[in-house]
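What follows is a short report on a single structure.
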Amino acid sequence: MKTLLEIEGVSKSFGSVIANEDISLTVREGEILALLGENGAGKSTLVKAVFGLVKPDTGTIKINGTVMESGDTAAAIASGVGMVHQHFQLVPVMSVTENMILGDEPKKFGVVNIKQAKKEALALSEKYGLEVDPDAIIEDLPVGMAQRVEILKALRRDVKLLILDEPTAVLTPQETDELLEVLRNLAKRGVGILFITHKLREVMAVADRIAVLRGGKLMGTTTPKESSESKLAQMMVGREVVLRVEKSVAKPKEVLLSIKNLRVNDDRKLESVRDLSLEVHAGEILGIAGVEGNGQRELVEAICSMRSRLSGEVVVKGKAIPNLNPRAAHLAGVSHIPEDREKHGLVTSYSIADNLVLNRFDQAPFANGWIRNLEEVASNGEALVEKFDIRAPNASLSAGSLSGGNKQKVVVARELSQQLDVVVAAQPTRGVDVGSIEFIHNQLIAARDAGAAVLLVSAELDEILSLADRIAVISNGKIVAIFSSKEADRNTIGRLMAGLAS
Amino acid sequence: MDAKQGKKLDFSPILVPLLSILVALAFGGILIFIQGINPLSAYRVLFTTAFGSFDGVAITLAKATPLILSGLAVAICLRAGLFNIGAQGQLISGALASAWAGYTFVGLPALVHIPLALIFGAFFGALVALVAAVLKAYRGVHEVITTIMLNSIVIALSDYLTSNPFKEPDQPLTRTPKIQESARMPDLLGLPLGFFLAIGLSITLWWIMRNTTTGFSIETIGRNKNAGWYAGISVKKTIMLSMLIGGAVAGVAGAVETLSIIGRFEPAFNAGLGFDGITVALLGRANPLGVIPAAILIGGMRASGSTMQFEVGVAPELVDLLLALILFFVTAPLLAKFFKNRKENVAMTSGWSN
Ligand SMILES: Nc1ncnc2c1ncn2[C@@H]1O[C@H](COP(=O)(O)OP(=O)(O)OP(=O)(O)O)[C@@H](O)[C@H]1O
Ligand SMILES: [Mg+2]
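Chains as they are written, first to last, in my numbering: chain A, 184 to 685; chain B, 3 to 356.
Next up, the structure:
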């Protein structure tokens, strides 16, 4: 097979941070190369350099033997590179077809020919076996579908090299499996694929070769056959990682969080939490298992008083939490790791230190009455950066300059470093590397053992199964069953999640 | 994507305004040159008049005083993510209210009368802003629309009031009576007292933004409203508060103009001060301290425009043109950033850029 992409000696620094150091890699036609590495190892930086979004300091990038001008995205696209960013680039209010042709519309007499476009969209979706409804509006689609549109858009211009930066972070396991199948098909057609993920299972399932980065350097390449999940984890992190969660038996005590007959609307004003009741005890982790979009987000936001409750109540330590008052929820002892870190969890232009006190900035010791105590804020920042292993030279840097997983660690550090009564953790390990997953899981267990009631919402059934002491299955806005971790059975839960009776 | 935010060596807050001023001057220079006049001598006159002598500087600083305040009024709202186009209306309201307080109350000592008239100005400036604030916070009506409409309403209302109930009796002119001597703001060290007030307010607001929980709330809502909501900051209260501060400061701008320069309220006399405040705020990068040099520069150009006409024959409108060009060049990168952010915000649901 012909070599498609050659990365030769690429280095890139941001100030004092060396994101890439003398990296050389190749991708052949029809090959799937998985790029692994800790948060901040330099994966995104490297693929952005290939796509021309980042200008390397030194080194060259060749596509089909031609040296690419650095920092020239248009040239990269012209030579057949397509990139699916983790951050969707779709326009929510437009249709699938419109999104696919955006920027390069088929025209007839100078007017966009939407019929032609629709035909093209259908042909494309048939060609790659990626089913989409060309008339659907993007914002009505589940994430997995939107992801497909994104991929189709990238494939529209006869792509030879497809780059995907953590495409599975927001997908459900089923959606992920479908995506992996698509990638295999593309590879069969000769497309070279550069694929970033933190999920070792996916790497083992789909990669032809695996390249591991650590601290900006290439640690080596291997294949799924020569390797194993634990070997990969060790290669990434540089130490042994316990991939299985180790925890003692829970000793649940009194009820700390109780949800009574809760009804909540989603953004489209459709009832998505329907008369839901649930109790979480001190000293236990209750996991909510469910296919995304079955009311989890609305449930979490209603518990934290961020979203209006139609009826029902949320009681924390015996006190009802007022509606639409996130501050009251917080003061009552609810800490919340939000699902969407960029939207809710962070102010990216603030320093890491300010983000680490975002919902406590007006409380002692971070403020004496009206006056903020900036020294306290700074030293708290340095301490948490250290404790939670946030990869940043110092806490006064802007949170926006962190890598994706390190942003997540900032949010987790803030929420788990306070007085804990009730912890609501929504997708707490999304986009985080295996080493940090281990750490965050241990922190959640520590919170539990210290007597907190932990409500865990995750799209990863594995995460729920390994972490939760009790598992509640949500389907269509209702809890359809609750299991203890002993009785929990993957298949039964899977069937219930899919809305089938067990 | 955040390459610019990475390191401390970020000069753009100073560099962008400086560059825009230079580019605007270059463009203006070309236009002067086309009229057959040497642009360098025109600019020399402009800047030596404004900054070349003690008297010139005093006049410049007097001109700059209301601009610092109106710039501050716009800047504080910008911090909260609000575009206060209404500084003009708030300023007029404050100017008229302080004039009324200045001529109505008789027999007060200056130490009571001046602060009282200033408070009237602040209160009525804030009152105008309150309307826009309530509509924004509770009804979601865009502040640009409401503040523009409020400008027209306040101008019409002040015309009515000065030609009817508040009119100076037995005079053909549309204006209020003169304020009492006890309400006149004196000079200090050859500079208007209002100048020191403006500097004091700038420093105070800068300190509040930097060191207090209120400042942090305003800043957070301005940068990421959703995160502010998550963090328990009341979005409504913060919008109300920053608009009210903005309105009050604009009202003080009008009051200072009335009490130290004009001595009464005359509709046409305040024209444009509020709008120049927008230029000042943007040139000062919405920084409460940044508005001071920005206002002094613009004040100086305003002060010496007519001298430039006398001495080299360039129409004083050139100053307006220069200001417009400066505004254009400072906002161009801001606009570019705004649209870039918009594009980035086209995230669907929970996407993150890794
Ligand atoms: N624009 C930037 N400015 C400053 N530092 C940056 C910038 N982009 C990346 N970095 C730094 O470069 C390093 C590598 O970042 P990169 O985003 O490539 O990591 P990554 O391997 O993709 O991590 P993750 O798995 O968390 O997404 C990090 O330390 C990050 O903080
Ligand atoms: Mg990344």
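Where a beta carbon is used, it is the ideal one built from N, C-alpha and C, also for glycine. Keep in mind it's a predicted model, so treat the numbers as computed, not measured.
Legend entry - residue 310(B), enclosing alpha helix (DSSP H) - first and last residue: 293-314
Legend entry - Residue(s) in a DSSP beta bridge with residue 189(A): 209(A), 245(A)
Inset, instruction - List the residues of chain B that residue 530(A) touches, going by C-beta distances under 7 Å, in chain order. - result: 222, 225, 226, 229
Legend entry - residue 670(A) versus residue 240(A): straight-line alpha-carbon distance, rounded: 56 Å
Inset, instruction - Kindly indicate the opening and closing residues of the beta strand (DSSP E) around residue 67(B). - result: Not the beta strand (DSSP E): residue 67(B) falls in the alpha helix (DSSP H), residues 56-81.
Inset, instruction - For the beta strand (DSSP E) containing residue 405(A), list its first residue and its last residue. - result: 400-405
Legend entry - Proximity test, Cβ basis, 8 Å: residue 592(A) and chain B: no
Inset, instruction - Closer than 8 Å by C-beta to residue 536(A): which residues in its own chain qualify, once you throw out the five before and the five after it? Chain order, please. - result: 560, 561, 563, 564, 565, 578, 579
Legend entry - Residues that residue 550(A) contacts on chain B, provided the C-beta gap is smaller than 9 Å: In chain order: 214, 215, 218.
Legend entry - Cβ neighbour criterion (16 or more within 10 Å) applied to residue 68(B): buried
Inset, instruction - Specify the secondary structure class of residue 420(A) as computed by DSSP and reduced to three states. - result: helix
Inset, instruction - Starting from residue 234(B), find everything on chain A with Cβ-Cβ shorter than 7 Å and list it in chain order. - result: The contacting residues are 509, 510, 513, 542.
Legend entry - Simplified DSSP state of residue 563(A), which is helix, strand or coil: The three-state secondary structure of residue 563(A), taken from DSSP, is helix.
Inset, instruction - Assign residue 3(B) to one of three DSSP states: helix, strand, or coil. - result: Low per-residue confidence applies at residue 3(B): pLDDT is 34, beneath 50, and the placement is therefore not dependable enough to give any value.
Legend entry - ligand 1 heavy atom lying under 7 Å from the CB of residue 292(A): no
Legend entry - C-alpha distance - residue 440(A) paired with residue 637(A), whole-angstrom precision: CA-CA distance, residue 440(A) to residue 637(A), rounds to 9 Å.
Inset, instruction - Could you please give the first and the last residue of the uninterrupted alpha helix (DSSP H) stretch that includes residue 100(B)? - result: 89-106
Inset, instruction - Measure the C-alpha to C-alpha separation of residue 634(A) and residue 284(A) and round it to an integer number of angstroms. - result: Pairing residue 634(A) with residue 284(A), the inter-Cα distance amounts to about 54 Å.
Inset, instruction - Verify the contact flag: residue 227(A), CB atom, against every heavy atom of ligand 2, threshold strictly below 7 Å. - result: yes
Inset, instruction - For residue 690(A), count neighbouring Cβ atoms within 10 angstroms of its own Cβ and tell me buried if that reaches 16, exposed if not. - result: Residue 690(A) lies beyond the range of chain A shown here (184 to 685); nothing can be said about it.
Legend entry - Whether residue 236(B) touches residue 84(B) by CB criterion (8 Å): no
Inset, instruction - Can you give me the Cβ contacts of residue 213(A) inside the same chain, cut-off strictly under 8 Å, excluding the 5 residues immediately before and after it? - result: Cβ neighbours of residue 213(A) beyond the five flanking positions: 184, 370, 371, 372, 373, 374, 375.
Legend entry - Beta-carbon neighbours of residue 545(A), restricted to chain B and to distances below 7 Å: 215
Legend entry - residue 350(B) burial status per 10 Å Cβ neighbour count (16 or more: buried): With a pLDDT of 28 at residue 350(B), under the threshold of 50, the modelled position of that residue is not reliable, and the figure given next carries that caveat. Buried, because 16 or more other Cβ atoms sit within 10 Å of the Cβ of residue 350(B).
Inset, instruction - Please find out if some non-hydrogen atom of ligand 4 comes closer than 7 Å to the beta-carbon of residue 349(A). - result: As far as ligands go, the structure on display features ligand 1 and ligand 2 and does not contain ligand 4.
Inset, instruction - Quick one: using the 10 Å Cβ neighbour count with 16 as the cut-off for buried, is residue 197(B) buried or exposed? - result: By the Cβ-count criterion, residue 197(B) is buried, with 16 or more other Cβ atoms from all chains shown falling within 10 Å of its own Cβ.
Inset, instruction - Count the CB pairs spanning the segment 587-607 of chain A and the segment 510-529 of chain A that are closer than 8 Å, and state whether there are at least three. - result: yes
Inset, instruction - Ignore the nearest five residues each way along the sequence and tell me which others in residue 217(B)'s own chain have a CB closer than 7 Å to its CB. - result: 210, 211
Legend entry - Test: residue 521(A) CB closer than 8 Å to a CB of chain D: Absent here is chain D; the protein component of the structure consists of chains A and B.
Inset, instruction - In angstroms with no decimal places, state the Cα-to-Cα distance between residue 112(B) and residue 268(B). - result: 22 Å
Inset, instruction - Tell me residue 440(A)'s beta-bridge partners as DSSP assigns them. - result: 463(A), 499(A)
Legend entry - Near-chain B residues of the segment 479-497 of chain A (beta-carbon distance less than 7 Å), N- to C-terminal order: Residues passing the 7 Å Cβ filter: 489.
Legend entry - As assigned by DSSP and simplified to three states, the class of residue 519(A): Under the three-state reduction of DSSP, residue 519(A) is assigned to strand.
Inset, instruction - Check whether the Cβ of residue 139(A) lies closer than 7 Å to any heavy atom of ligand 2, and answer yes or no. - result: Given that chain A is displayed from residue 184 to residue 685, the structure contains no residue 139(A) and the question cannot be resolved.
Inset, instruction - Could you check what DSSP says for residue 214(B) in three-state terms: helix, strand or coil? - result: Reduced to three states, the DSSP call for residue 214(B) is strand.
Inset, instruction - Within the same chain, show all residues whose beta-carbon is closer than 6 Å to that of residue 153(B), passing over the 5 residues directly before and after it, in chain order. - result: The answer, listed in chain order, is 88, 90, 91.
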